[in-house]
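Colleague: The following block contains the structure, expressed as structure tokens.
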């Protein structure tokens, strides 16, 4: 099925929350224009941006795609989970990275996305802050948030192991532990839900891909590690990670000097935004 004709403005920065949207857009193959929100200059707090994202954070989109009746339309959506669900509901009509609304697996995807939004995202975000950016190294805070991040990774690792044992892959015979739905599988799993890579995988991956920045190793989570490698190998993911600028964290982490340089650059704007 050809990509739908779209007119979407995407406001973002090179963070996990921004990358999950750019990856979703790339996976769906839909047209969009990017505006880089320079967080180091507090652009996300400027009045023009607050008009369509009152929370003053990234990401956000404005969808100007004309509806079937040809009338002028301008729909703003902010918050990552809302944007991902919106894009799939509107433009993933063949269920490439989603499932039909109100199917069993649709609600499974919703569960895991909500789990990420309320768990991995905020907990790993705090691990990042206290491990990398806080002016005072508070060991209790570092250990607290790294430990909780690891606990959540173990939940994900167990889920992927469960999916593998249930043979929930595109080539497998068992479509899902929750029953079958429309659509086709899209690659060798295991994936978080059913027989395909979905926005649940993208949402969780966006943070897991930054694990080392939070001081967390994937070596204790073999299924998560293999899952992340499979996702990183996808062309749409490679493209999405480089929006709105080239993703440099992993390359910088290869040397102590690069790691320190990257941390110094980002800590300055992180602390300004507190």
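Residue numbers (the UniProt record's numbering): 1 to 274. The beta carbon of each residue, even a glycine, is placed where N, CA and C say it ideally should be.
#1: Extract the residue ranges of the beta strand (DSSP E) inside the segment 203-238, only unbroken runs of 3 or more that lie entirely within it.
#2: Rounded C-beta distance between residue 127 and residue 214? I'm assuming under 8 Å.
#3: Note down the Cα distance separating residue 45 from residue 9, rounded to an integer number of angstroms.
#4: Residue 105 and residue 194 - do their beta-carbons sit closer together than 7 Å?
#5: Taking one C-beta from the segment 37-51 and one from the segment 62-74 each time, how about it: are there three or more such pairs within less than 8 Å?
#6: Considering Cα atoms alone, identify which of 150, 247 and 73 is closest to residue 219.
#7: Between which two residues does the beta strand (DSSP E) holding residue 144 run?
#8: Where does residue 172 fall in DSSP's three states?
#9: Who are the near neighbours of residue 74 in its chain, counting only those whose CB is closer than 8 Å to its CB and skipping five residues on each side?
#10: Where does residue 63 fall in DSSP's three states?
#11: Under the three-state reduction of DSSP, which class applies to residue 113: helix, strand or coil?
#12: Using the DSSP secondary-structure output, state which residues sit across from residue 34 in a beta bridge.
#13: In three-state DSSP terms, what is residue 258?
#14: For residue 258 and residue 26, which I take to be in contact (beta-carbon distance under 8 Å), what is that distance rounded to the nearest angstrom?
#15: Where does the unbroken alpha helix (DSSP H) through residue 250 begin, and where does it stop?
#16: Could you tell me the alpha carbon to alpha carbon distance between residue 172 and residue 188, rounded to whole angstroms?
#17: Going by beta carbon distance, what residues of the same chain come within less than 6 Å of residue 229, once the five residues before and after it are set aside?
#18: How about the segment 16-23 and the segment 80-95: do they share at least three Cβ pairs that are nearer than 8 Å?
Modeller: In this structure, then:
#1: Residue ranges of uninterrupted beta strand (DSSP E) with 3 or more members are absent from the segment 203-238; none lies entirely inside it.
#2: At roughly 4 Å, the Cβ-Cβ gap stays under 8 Å, so residue 127 and residue 214 are in contact.
#3: Each residue's Cα considered, the two are about 18 Å apart.
#4: Cβ atoms of residue 194 and residue 105: closer than 7 Å.
#5: Not touching, per the Cβ criterion.
#6: For the residues 150, 247 and 73, the minimum Cα distance to residue 219 belongs to 150.
#7: According to the DSSP assignment, residue 144 belongs to no beta strand (DSSP E) but to the alpha helix (DSSP H) extending over 139-165.
#8: The pLDDT assigned to residue 172 is 44, lower than 50, so where the model puts this residue is not dependable; a value taken from the coordinates is nonetheless given after this. Coil, per DSSP.
#9: Excluding positions up to five away in sequence, the list reads 62, 63 and 64.
#10: It is a strand residue.
#11: If DSSP states are grouped into helix, strand and coil, residue 113 belongs with the helices.
#12: Per DSSP, the beta-bridge partners of residue 34 are 10.
#13: Reduced to three states, the DSSP call for residue 258 is helix.
#14: Taking the Cβ atoms as the reference, residue 258 lies roughly 26 Å from residue 26, outside the contact range of under 8 Å.
#15: Looking at the DSSP string, the run of the alpha helix (DSSP H) that includes residue 250 is 249-252.
#16: Note on residue 172: pLDDT 44, under 50, position unreliable in the model; no value is reported.
#17: Nothing listed; no residue qualifies.
#18: Three or more Cβ pairs drawn from the segment 16-23 and the segment 80-95 lie within less than 8 Å of each other, which places the two stretches in contact.
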